[in-house]
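K.L.:
For the protein sequence lines, the chains are A and B, in the order given.
Heads up: the first sequence begins at 2 in the numbering used here, then just goes up one per residue.
Heads up: the second sequence begins at 8 in the numbering used here, then just goes up one per residue.
Note that beta-carbon positions come from the ideal geometry of N, C-alpha and C, so glycine has one too.
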Amino acid sequence: MTIWDWSYVWEALPHLYLGAIVTVEATLFGFAIALILGLVFALIRQSRNRYVSTAMAEVVEFIRSTPLLLQVFFIYFVGPEFGMYIPAWIAGVGMLGVHYAAYCSECYRAGIETVDGGQWEACTALNLSPQRSWRAIILPQAIPPITPALGNYFVGMFKDAPILAAIAIPEMLQRAKNFGGENYRYIEAITMVGFFYLVFSLVASAIVQAVSLWLNRRYHLQ
Amino acid sequence: MNEPRVRLQNAAMHYDALTVLGQPNFPTAQNEKIMNQPMVRFENVTKRYGALTVLDKLNLDISRNEKVSIIGPSGSGKTTVLRMLMTLERINDGVIWVNGEPLTHMQRSGRMVPANNRHLRRVRGQIGMVFQHFNLFPHMTALQNCMEAPVSVLGLSKPEAEARAAELLDMVGLGEKKNHFPIQLSGGQKQRVAIARALAMRPKVMLFDEVTSALDPELVGEVLNVIRKLGAEYDLTMLMVTHQMGFAKEFSDRVCFFYGGKIAEQGSPDQLFGDPQNERTRQFLSAVLEAK
């Protein structure tokens, strides 16, 4: 028996390709949710109403302090007991997005808090509306510096995608495992998945870095 | 034959439409009443931070187009005066009036209640402020800094706002630098952009909060020159907190010396600098002048 058999590689490739599409799609959709929802969380957290901001902080803390797998199970398996039938794909990607939104919101918060208080004072003195102040003045200064941190979560989320297998979404690692099980041979499939993750992570990091550089240039921030 | 009469009516309507409150050119009874009111009035204004009383029952009237300097040791509450007027600080007691209208309060069914955000936004539109640390928007050019609020608050079109901004940047001597970002400007230039930015909103009252304190000594002059120019060419009520005693003396109509949250002494520059009555004023002035 050879350690590495190329014939298995070619045989596994179509399976893994399908799985890779699922993984990448889940990551992209999930991260879009995380970016938008995270910003919403962060903005609610900045509310002047103490009860609103504290409630938001607690929700974020709760999401961050429980495992992603448990949250996915909760939505997918416990939900139906209360009449919430959510398709696996939506439950999985949605929960991935919500879970990472909690992390991203902390990131946004850090960005927002580093914007000099004088900027808010200038907004007041110029009579800008709060919405306009956020959109035109505060967020353009808050977000570029945190893009590398947000990018880390992007890569992290990609690596968390195998959790979707737990609710029977055929992502890449699951397909590799199934392929291995069918052929009593795991090494090629599993190794290829690892290699794919490595390549994707490196490419994603490069993209994140480029975006970060572009944003910082675009907004003339140091 | 009826035509002249129709015209007369039209003329009368026009006249009414042009009688904007507070414009000196139209001496109607209503305007006279407003013209005689102070531009800014602090009425028994108290500001506390916890147990610390920063300003204690402040009463101060500032007339239309008057230039008032506020001097005093640090912690005397002088910057707080400007910040309250700009609504950056809430007051604990009293009322601030701007142009005959309460700023901190509003009328609701005949009673004065604390102002809501909408009221604050409307009334503070008459006030502009320049800060010690400039507070320019770093991600916008000088021109964009001056255009942002006129476009998004006053609803000017982009070309209108740009023309206004360019004109003001010319006025402060930065026409050449209008496409520079704040990071590419010196402190004095930044502060001049900040002045142009505030003026672009066409305020009636301008507040200057130690605008030269963060500048290198050789850059102070260019900013003060711009302020001199404003005083000479614009109808502006100006209120400035300053450590530039020479400038306060030369430029102001009135100087207020703050001590311990109160106006310890106020008067014309000649009187206050030449012949201070209050012991605290004398101590402060001698300390400041000695340091020079």
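Please confirm whether Gly31(A) and Glu172(A) have their CB atoms less than 7 Å apart.
P.N.:
As a first step, residue 31(A) must be located in the first sequence, where it is residue number 30. As a first step, residue 172(A) must be located in the first sequence, where it is residue number 171. In this structure, Glu172(A) does not lie closer than 7 Å to Gly31(A) by Cβ.
K.L.:
Residues of chain A with CB under 9 Å from Val160(B), in chain order?
P.N.:
For the purposes of this step, residue 160(B) is identified with residue 153 of the second sequence, where counting begins at 1. Within 9 Å Cβ-Cβ: Leu127, Asn128, Leu129, Ser130 and Arg133.
K.L.:
Report yes or no: do the region 102 to 109 of chain B and the region 276 to 293 of chain B share at least 3 C-beta pairs separated by less than 8 Å?
P.N.:
no
K.L.:
Beta carbon of Val75(B), beta carbon of Leu65(B): below 7 Å?
P.N.:
In the second sequence, the residue the question calls residue 75(B) occupies position 68. In the second sequence, the residue the question calls residue 65(B) occupies position 58. Result no, Cβ atoms of Val75(B) and Leu65(B) do not sit closer than 7 Å.
K.L.:
CB-CB under 7 Å to Lys184(B), same chain, minus the five flanking residues each way: which ones, in chain order?
P.N.:
For the purposes of this step, residue 184(B) is taken as residue 177 along the second sequence, with counting starting at 1. Correct list, in chain order: Ala149, Leu192 and Gln196.
K.L.:
Compare the C-beta of Glu122(A) against all C-beta atoms of chain B and say whether one is closer than 7 Å.
P.N.:
As a working note, residue 122(A) is residue 121 in the first sequence. Yes, Glu122(A) lies at the interface with chain B (some Cβ there is under 7 Å from its Cβ).
K.L.:
Do Leu175(B) and Leu127(B) come within 7 Å of each other at the CB atom, strictly closer than that value?
P.N.:
The residue labelled residue 127(B) in the question sits at position 120 within the second sequence. The residue labelled residue 175(B) in the question sits at position 168 within the second sequence. Contact flag unset, no.
K.L.:
Measuring CA to CA, which of His100(A), Ser106(A) and Arg65(A) is closest to Arg46(A)?
P.N.:
As a working mapping, residue 46(A) is identified with position 45 in the first sequence. Nearest of His100(A), Ser106(A) and Arg65(A) to Arg46(A), Cα basis: Ser106(A).
K.L.:
Pro121(B) touches chain D at which residues, Cβ-Cβ below 7 Å?
P.N.:
This model lacks chain D altogether, as its protein chains are A and B.
K.L.:
Measure from the C-beta of Arg128(B) to each C-beta in chain A and report whether the shortest distance is under 7 Å.
P.N.:
Taking the second sequence and counting its residues from 1, one reaches residue 128(B) at position 121. Taking Cβ atoms only, chain A reaches closer than 7 Å to Arg128(B), which makes this a yes.
K.L.:
Any idea which residues DSSP pairs His112(B) with across the strands?
P.N.:
Indexing the second sequence from 1 puts residue 112(B) at position 105. Partner(s): Pro121(B).
K.L.:
If you follow the alpha helix (DSSP H) that Tyr101(A) is part of, which residue opens it and which one closes it?
P.N.:
Mapped onto the first sequence, residue 101(A) falls at position 100. Segment Ala89 to Thr115, the alpha helix (DSSP H) holding Tyr101(A).
K.L.:
Go ahead and label Ala120(B) buried or exposed: buried means 16 or more other beta carbons lie within 10 angstroms of its beta carbon, across all protein chains shown.
P.N.:
For the purposes of this step, residue 120(B) is identified with residue 113 of the second sequence, where counting begins at 1. Before going on, a small fix: residue 120(B) reads as Val here, not Ala. Flag for Val120(B) reads exposed.
K.L.:
Using a Cβ-Cβ distance cut-off of 7 Å, determine whether Leu222(B) contacts chain A.
P.N.:
The residue labelled residue 222(B) in the question sits at position 215 within the second sequence. No, no contact with chain A.
K.L.:
Where do the ends of the alpha helix (DSSP H) carrying Trp215(A) lie?
P.N.:
Here residue 215(A) corresponds to residue number 214 of the first sequence, with the count starting at 1. Boundaries of the alpha helix (DSSP H) around Trp215(A): Ile188 to Arg219.
K.L.:
Any idea what DSSP makes of Ile168(A), helix, strand or coil?
P.N.:
Start at 1 with the first residue of the first sequence, and residue 168(A) comes out as number 167. Ile168(A): helix per DSSP, three-state reduction.
K.L.:
Is there at least one Cβ from chain A nearer than 7 Å to His146(B)'s Cβ?
P.N.:
Residue 146(B) sits at position 139 when you count from the first residue of the second sequence. Chain A contact via Cβ: present.
K.L.:
Should Gly101(B) and Met213(B) be called a contact, given that it needs their Cβ atoms to be closer than 7 Å?
P.N.:
Here the question's residue 101(B) lines up with position 94 in the second sequence. Here the question's residue 213(B) lines up with position 206 in the second sequence. Against a cut-off of 7 Å, the Cβ pair of Met213(B) and Gly101(B) comes out as no contact.
K.L.:
Do you know offhand how far Leu95(B)'s Cα is from Val88(B)'s?
P.N.:
Residue mapping note: residue 95(B) aligns to position 88 of the second sequence, counting from 1. Residue mapping note: residue 88(B) aligns to position 81 of the second sequence, counting from 1. Cα to Cα, Leu95(B) sits roughly 10 Å from Val88(B).
K.L.:
Identify every residue that forms a DSSP beta bridge with Thr274(B).
P.N.:
Mapped onto the second sequence, residue 274(B) falls at position 267. The question names Thr, yet the displayed sequence has Gly at residue 274(B). Within the DSSP secondary-structure output, Gly274(B) pairs in a beta bridge with Val262(B).
K.L.:
Note down the Cα distance separating His250(B) from Val227(B), rounded to an integer number of angstroms.
P.N.:
Here residue 250(B) refers to the residue found at position 243 when the second sequence is read from its first residue. Here residue 227(B) refers to the residue found at position 220 when the second sequence is read from its first residue. C-alpha separation (whole angstroms): 11 Å.
K.L.:
Let me know if Ile234(B) comes out buried or exposed under the rule of 16 or more other beta-carbons within 10 Å of its beta-carbon.
P.N.:
Locating residue 234(B) in the second sequence gives position 227, where the first residue counts as 1. When all chains shown are included, Ile234(B) counts as buried.
K.L.:
Any C-beta of chain B sitting closer than 7 Å to the C-beta of Tyr220(A)?
P.N.:
The residue labelled residue 220(A) in the question sits at position 219 within the first sequence. Answer yes: the Cβ-Cβ gap between Tyr220(A) and chain B drops below 7 Å somewhere.
K.L.:
What are the residues of the region 180 to 195 of chain B that lie near chain A, defined by any Cβ-Cβ distance shorter than 7 Å?
P.N.:
Those residues of the region 180 to 195 of chain B that come within reach of chain A (Cβ to Cβ, closer than 7 Å) are Phe188 and Ile190.
K.L.:
Leaving out five residues on either side along the sequence, give the residues of the same chain with a beta carbon under 6 Å from the beta carbon of Lys85(B).
P.N.:
As a first step, residue 85(B) is located in the second sequence; it is residue number 78 there, counting from the start. So the list reads Ile77, Gly79, Val248 and Phe265, once near-sequence residues are dropped.
K.L.:
Using Cβ-Cβ distances below 8 Å, what residues of the region 40 to 59 of chain B are close to chain A?
P.N.:
none
K.L.:
May I have the straight-line CA-CA distance separating Val5(B) from Thr24(A), to the nearest angstrom?
P.N.:
Residue numbering for chain B in the displayed model covers 8 to 299; residue 5(B) lies beyond these limits and cannot be assessed.
K.L.:
Using the DSSP secondary-structure output, state which residues sit across from Met245(B) in a beta bridge.
P.N.:
Start at 1 with the first residue of the second sequence, and residue 245(B) comes out as number 238. Paired residues: Lys74(B) and Met213(B).
K.L.:
Which of the residues in the region 192 to 218 of chain B, read from start to end, lie with their CB under 9 Å from any CB of chain A?
P.N.:
Ala201, Arg204, Ala205, Ala207, Met208 and Leu214
K.L.:
Rounding to the nearest angstrom, what Cα-Cα distance links Leu40(A) and Phe49(B) in this structure?
P.N.:
Your numbering for residue 40(A) matches position 39 in the first sequence. Your numbering for residue 49(B) matches position 42 in the second sequence. So the alpha carbons of these two residues sit roughly 41 Å apart.
K.L.:
By the three-class DSSP mapping on this structure, what secondary structure does Asn179(A) have?
P.N.:
Counting from 1 along the first sequence, the entry for residue 179(A) is found at position 178. Of the three classes helix, strand and coil, the one that applies to Asn179(A) here is helix, per DSSP.
K.L.:
Is the beta carbon of Ala35(A) less than 7 Å from the beta carbon of Tyr101(A)?
P.N.:
The residue you call residue 35(A) lines up with position 34 of the first sequence. The residue you call residue 101(A) lines up with position 100 of the first sequence. Yes, Cβ-Cβ distance for Ala35(A) and Tyr101(A) is below 7 Å.
K.L.:
Is it buried or exposed, Met85(A), if we count other Cβ atoms within 10 angstroms and call 16 or more buried?
P.N.:
Working through the first sequence from its first residue, we reach residue 85(A) at position 84. Exposed, because fewer than 16 other Cβ atoms sit within 10 Å of the Cβ of Met85(A).
K.L.:
Going along chain B, which residues have a C-beta under 7 Å from Ile4(A)?
P.N.:
For this step, residue 4(A) is matched to residue 3 along the first sequence. The premise fails here: Ile4(A) is roughly 56 Å from chain B at the closest Cβ pair, so nothing lies under 7 Å.
K.L.:
Who are the neighbours of Gly119(A) on chain B, taking C-beta pairs under 7 Å?
P.N.:
Along the first sequence, one-based indexing puts residue 119(A) at 118. The answer, in chain order, is Phe138, His140 and Asn142.
K.L.:
Consult DSSP for Thr268(B) and reduce its assignment to one of helix, strand or coil.
P.N.:
The count along the second sequence starts at 1 and reaches residue 268(B) at position 261. For the sequence presented, residue 268(B) should be read as Gly rather than Thr. If DSSP states are grouped into helix, strand and coil, Gly268(B) belongs with coil.
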